[in-house]
Amino acid sequence: MENTKKLRSWLDAFGLDHPLVIAGPCSAETEDQVLKIAHQLKNTDTTVLRAGIWKPRTRPGNFEGVGDLGLKWLQKAKEETGLLTTTEVANANHVDLALKHDIDILWVGARTTVSPFIVQELADALKGTDKTILIKNPINPDLALWLGAVERFYEAGLENLGVIHRGFSTYEKTRYRNNPEWQIPIDLQNRFPDLPLILDPSHIAGRRDIIFDLCQTALDLNFDGLMVETHYDPDNAWSDAKQQITPQKLDQMTVDLRIRKEEGDEIEFRNKLATMRAQIDVIDHKLLEILGNRMKISDQIGSLKKKNNVAILQTKRWNEILDKMILQGGDQKLSEEFILKMFKAVHQESINHQKNVFNE
Numbered sequence: 000m001e002n003t004k005k006l007r008s009w010l011d012a013f014g015l016d017h018p019l020v021i022a023g024p025c026s027a028e029t030e031d032q033v034l035k036i037a038h039q040l041k042n043t044d045t046t047v048l049r050a051g052i053w054k055p056r057t058r059p060g061n062f063e064g065v066g067d068l069g070l071k072w073l074q075k076a077k078e079e080t081g082l083l084t085t086t087e088v089a090n091a092n093h094v095d096l097a098l099k100h101d102i103d104i105l106w107v108g109a110r111t112t113v114s115p116f117i118v119q120e121l122a123d124a125l126k127g128t129d130k131t132i133l134i135k136n137p138i139n140p141d142l143a144l145w146l147g148a149v150e151r152f153y154e155a156g157l158e159n160l161g162v163i164h165r166g167f168s169t170y171e172k173t174r175y176r177n178n179p180e181w182q183i184p185i186d187l188q189n190r191f192p193d194l195p196l197i198l199d200p201s202h203i204a205g206r207r208d209i210i211f212d213l214c215q216t217a218l219d220l221n222f223d224g225l226m227v228e229t230h231y232d233p234d235n236a237w238s239d240a241k242q243q244i245t246p247q248k249l250d251q252m253t254v255d256l257r258i259r260k261e262e263g264d265e266i267e268f269r270n271k272l273a274t275m276r277a278q279i280d281v282i283d284h285k286l287l288e289i290l291g292n293r294m295k296i297s298d299q300i301g302s303l304k305k306k307n308n309v310a311i312l313q314t315k316r317w318n319e320i321l322d323k324m325i326l327q328g329g330d331q332k333l334s335e336e337f338i339l340k341m342f343k344a345v346h347q348e349s350i351n352h353q354k355n356v357f358n359e
């Protein structure tokens, strides 16, 4: 993509002195619900009202959205509050209906981003318009696939673009509904710093109690905005009840979040330093997760050795690991001294785990 600074024009046009806030219910349920939430968001930092009209669910039988009727509710909410509106589109018919109802911003969901065929269909349907398009990351952690979706819209002549980070699915159970895998949006940000980057903490968290921390991490990493699911009665929402917060909670959260400002060289230095440190914090957290998973495998190895009456220490295997890691560490510009210290500590912890298994 060339002239990427144009990609920020739609966001800069808002003239905000704070990150962009997109908020609203996971699903438009009733007209009264949409209007009530819109009016509660009207006097907050929220600029854009979101609501799912068509709701693709993982399994059939759950609430799958009210359909195009909900677009009229968004129109009415816009007229009464002045908030801009946004909803998800997943095919050309959705695009046509959203355009007819003057929806300001369209977003592409994670299930759609994974399919270049559908993304191209949406790009073709939007060709010739000046709509703002936000692309969520694909379900799987694939930066090339995410960027490929952005490029398809760009090549169709759409320059009002942005991306939404909503986390990635994983087979392993973690504290998140979808793992943040922060390094992927960081890599995207480094490659295209002018592409607006928005966090969807609701889908990453899957629960409301960690939404604030996710938002703060995003702001520390210089994200441009937040898309937060809000409902006046979250526990009784028709979809994703556990991850929605009230408009009042959102309003307080935007007050409590720390936003760094760039005002002169000294401030700029501190901002850059804070961003780099936040990136290191993300990587360190990932390292601990990886080490924890490694020790789980060590526990399984300990059980296998115990069952087969095999000694814990396997010297030949240990020497092979060290030799291999020293070579690979050199490729990463890591000293042999560091590799030896780190892997000796890891190996000792692994032995300790296996000894615990033997002593059970």
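Counting from 1, position 350 in the sequence shown corresponds to residue 349 in numbering that gives the first Met the number 0; the numbering is continuous, with no gaps.
For every residue, glycine included, the Cβ atom is placed at its ideal position computed from N, Cα and C.
This one's a predicted model, so the numbers in the text were calculated from it and none came from an experiment.
- The way I'd put it, the region 225-241 doesn't touch the region 178-194; fewer than three beta-carbon pairs between them come closer than 8 Å.
- Around the beta carbon of P115, fewer than 16 other beta carbons sit within 10 angstroms, so the residue counts as exposed.
- Here L121 is near V94, since their CB atoms are less than 8 Å apart.
- With a 10 Å radius around the Cβ and a threshold of 16 neighbouring Cβ atoms, Q299 comes out exposed.
- Comparing alpha carbon positions, the residue from T112, K77 and N177 closest to N90 is T112.
- M324 has its alpha-carbon roughly 51 Å from the corresponding atom of F13.
- Minimum Cα-Cα distance from C25 among the listed residues A240, Q39 and G301 corresponds to A240.
- In the structure shown, A22 adopts extended strand secondary structure according to DSSP, grouped into three states.
- Non-local beta-carbon contacts of R176 in its own chain, meaning distances under 8 Å to residues more than five positions away in sequence, involve G166, H202, I203, A204, G205, R206 and Q242 in chain order.
- Counting other Cβ atoms within 10 Å of its Cβ, K77 reaches 16 or more and is therefore classed as buried.
- For V107, the uninterrupted beta strand (DSSP E) segment begins and ends at I104 to V107.
- Under the three-pair Cβ rule at 8 Å, the region 286-301 does not count as touching the region 63-82.
- Here Q182 is actually not in contact with V88; their C-beta atoms are around 29 Å apart, not less than 8 Å.
- Residue environment for Y170: exposed (fewer than 16 other C-beta atoms within 10 angstroms of its C-beta).
- Under the 8 Å Cβ criterion, the region 140-155 does not count as touching the region 265-281, having fewer than three qualifying pairs.
- Scanning the region 82-143 for uninterrupted alpha helix (DSSP H) segments of 4 residues or longer gives 91-99, 109-112 and 115-125, listed from N- to C-terminal end.
- CA-to-CA, the gap between A27 and G156 works out to about 31 Å.
- By the beta-carbon neighbour count (other beta carbons within 10 angstroms, threshold 16), M275 is exposed.
- The continuous beta strand (DSSP E) containing E228 extends over residues G224 to E228.
- Closest option to A109, judged by alpha-carbon separation, among D101, I134, H100 and G127: I134.
- Put simply, of K41, L249 and D67 the residue whose alpha carbon is nearest the alpha carbon of K99 is D67.
- According to the DSSP secondary-structure assignment, N355 is paired through a beta bridge with no residue.
- Contact check for G51 against L40 fails: the beta carbons are separated by 8 Å or more.
- At the C-beta level, M252 and I21 stay beyond 8 Å of one another.
- Residue range L160 to H164 is occupied by the beta strand (DSSP E) that includes I163.
- Straight-line spacing of the CA atoms in L125 and V47 works out to 20 Å.
- Listed as beta-bridge partners of I197 by DSSP are I163 and G224.
- R49 has T85 as its beta-bridge partners, per DSSP.
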